[in-house]
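Same order as they appear, the protein sequences are chains G and Z. If you count the first sequence from 1, position 50 lands on 50 in the working numbering, and the numbers rise without skipping. So the working numbering is basically just the index in the second sequence, starting at one, shifted up by 111. Every residue gets a Cβ at the ideal spot worked out from N, C-alpha and C, and that includes glycine. Just so we're clear, the structure is a prediction, and the values are computed from it rather than from any experiment.
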Amino acid sequence: DQQVKQNSPSLSVQEGRISILNCDYTNSMFDYFLWYKKYPAEGPTFLISISSIKDKNEDGRFTVFLNKSAKHLSLHIVPSQPGDSAVYFCAASAHGQNFVFGPGTRLSVLP
Amino acid sequence: NAGVTQTPKFRVLKTGQSMTLLCAQDMNHEYMYWYRQDPGMGLRLIHYSVGEGTTAKGEVPDGYNVSRLKKQNFLLGLESAAPSQTSVYFCASSYQGYSSEQYFGPGTRLTVT
Numbered sequence: 001d002q003q004v005k006q007n008s009p010s011l012s013v014q015e016g017r018i019s020i021l022n023c024d025y026t027n028s029m030f031d032y033f034l035w036y037k038k039y040p041a042e043g044p045t046f047l048i049s050i051s052s053i054k055d056k057n058e059d060g061r062f063t064v065f066l067n068k069s070a071k072h073l074s075l076h077i078v079p080s081q082p083g084d085s086a087v088y089f090c091a092a093s094a095h096g097q098n099f100v101f102g103p104g105t106r107l108s109v110l111p
Numbered sequence: 112n113a114g115v116t117q118t119p120k121f122r123v124l125k126t127g128q129s130m131t132l133l134c135a136q137d138m139n140h141e142y143m144y145w146y147r148q149d150p151g152m153g154l155r156l157i158h159y160s161v162g163e164g165t166t167a168k169g170e171v172p173d174g175y176n177v178s179r180l181k182k183q184n185f186l187l188g189l190e191s192a193a194p195s196q197t198s199v200y201f202c203a204s205s206y207q208g209y210s211s212e213q214y215f216g217p218g219t220r221l222t223v224t
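Spelled out as C-alpha cells, the structure:
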C-alpha cells in the first residue's frame, strides 16, 4: 500500500498560469517533505522542502503548502514556464527514517 | 564538481548474468542510496549506507547486494539477474539522513532479457 500518493499521473497547464501538483500521504508520523523535479534521462533534482512545523514554504516561483490534518501537500508554480515541464515527485520522511517517494506527476506547460 | 556519477548508463543482461553498478560522489557526503524506478511507481529504496563501511537494507533489497568500501563510492551488485530487475537505477547521496536533500545521479537503465 502506497504511503505517498500522487493521484494525478499528468497535468497540462498553459504558460503563465498556475500549476498545482498534489500529494497525499497516509503515515501521520511523516514530518518532513520534499519535492523533486525530473527531466527525461536525468536524475531527480531537489526543488523545495517543508517541515511539519510550517504550513507554507516559498522559493521564488515555487510554493509548497502543507495541510497536516488532511495529510495533504501541494506544490504551486506561478507563473508556469515551458521549462517547468517535467515529472514532479513528492517524498516524505518520518524522523530518523528514509524518504518514501510518490509515483510522480508529469507536468506539461504549453506555450 | 561532478556531483553524483553512475556507471554504466545502459546495460542489457541475460537472465542469470551478474553485474555491478558503480556510483561515485565528490561532495564528501556520508549517506548514499540506491533506488530503482519502475513505471507508475515512485523511487523505491534498495539499499543505503550511512557511512564508509556500512550498508543497510531498504524497501526492496532482495536480489541485490551493496558495498561501501570507500566513502565516495557505493556499488550495487546483481548476482543473478532476473527480468523483474529490469528498471532504471538511481544512486543518490546526502550530507545527512533525515531532513537532508538527496543529490541524484543520472541513472542506469538496465534491461534483463
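key: Within the region 130-180 of chain Z, ranges of the beta strand (DSSP E) (whole runs, at least 3 residues)   = Counting only runs of 3 or more, we get 130-136, 142-148, 154-160, 175-178.
Range covered by the beta strand (DSSP E) that runs through residue 65(G) = Within the first sequence, the letter at position 65 stands for residue 65(G). Counted as a single uninterrupted DSSP element, the beta strand (DSSP E) harbouring residue 65(G) occupies residues 62-67.
query = Of all the CB atoms in chain Z, is at least one closer than 8 Å to the CB of residue 14(G)?
reply = The residue given as residue 14(G) occupies position 14 in the first sequence. Chain Z places no beta carbon closer than 8 Å to that of residue 14(G), leaving this residue out of the contacts.
task = Could you tell me how far apart the beta carbons of residue 125(Z) and residue 217(Z) are, in whole angstroms, since I believe they sit closer than 8 Å?
result = What you label residue 125(Z) is simply residue 14 of the second sequence in a count that begins at 1. What you label residue 217(Z) is simply residue 106 of the second sequence in a count that begins at 1. Residue 125(Z) to residue 217(Z), Cβ: 25 Å. No contact.
request  = Please state whether DSSP places residue 188(Z) in a helix, a strand or coil.
outcome  = The sequence position of residue 188(Z) within the second sequence is 77, counting from 1. Three-state result, residue 188(Z): strand.
request  = Can you give me the Cβ contacts of residue 27(G) inside the same chain, cut-off strictly under 6 Å, excluding the 5 residues immediately before and after it?
outcome  = What you label residue 27(G) is simply residue 27 of the first sequence in a count that begins at 1. Short of 6 Å from the beta carbon of residue 27(G), and not among the five residues preceding or following it, lie these beta carbons of its own chain, in chain order: 3.
ask   = In three-state DSSP terms, what is residue 196(Z)?
value = To locate residue 196(Z), count along the second sequence from 1; it is residue 85. Helix.
query = Whose Cβ in chain Z lies nearer than 9 Å to the Cβ of residue 40(G)?
reply = Numbered from its first residue, the first sequence carries residue 40(G) at position 40. Below the 9 Å Cβ cutoff, chain Z contributes no neighbours of residue 40(G), its closest Cβ being approximately 10 Å away.
request  = Have a look at 43(G), 33(G), 106(G), 77(G) and flag the residue whose alpha-carbon is nearest the alpha-carbon of residue 67(G).
outcome  = In the first sequence, counting from the first residue as 1, residue 67(G) sits at position 67. Nearest Cα to residue 67(G) within the set 43(G), 33(G), 106(G), 77(G): 33(G).
inquiry  = Below 9 Å on C-beta distance, what does residue 97(G) contact in chain Z?
reply    = The residue given as residue 97(G) occupies position 97 in the first sequence. Within chain Z, the residues near residue 97(G) are 208, 209.
request  = Check whether the region 65-84 of chain G touches the region 3-21 of chain G, taking contact to mean three or more Cβ pairs, one atom from each stretch, closer than 8 Å.
outcome  = Yes: the two stretches touch, three or more of their Cβ pairs being nearer than 8 Å.
ask   = Taking the continuous beta strand (DSSP E) assigned at residue 41(G), which residues delimit it?
value = Locating residue 41(G) in the first sequence gives position 41, counting from the first residue. According to the DSSP assignment, residue 41(G) belongs to no beta strand (DSSP E), since it is labelled neither H nor E.
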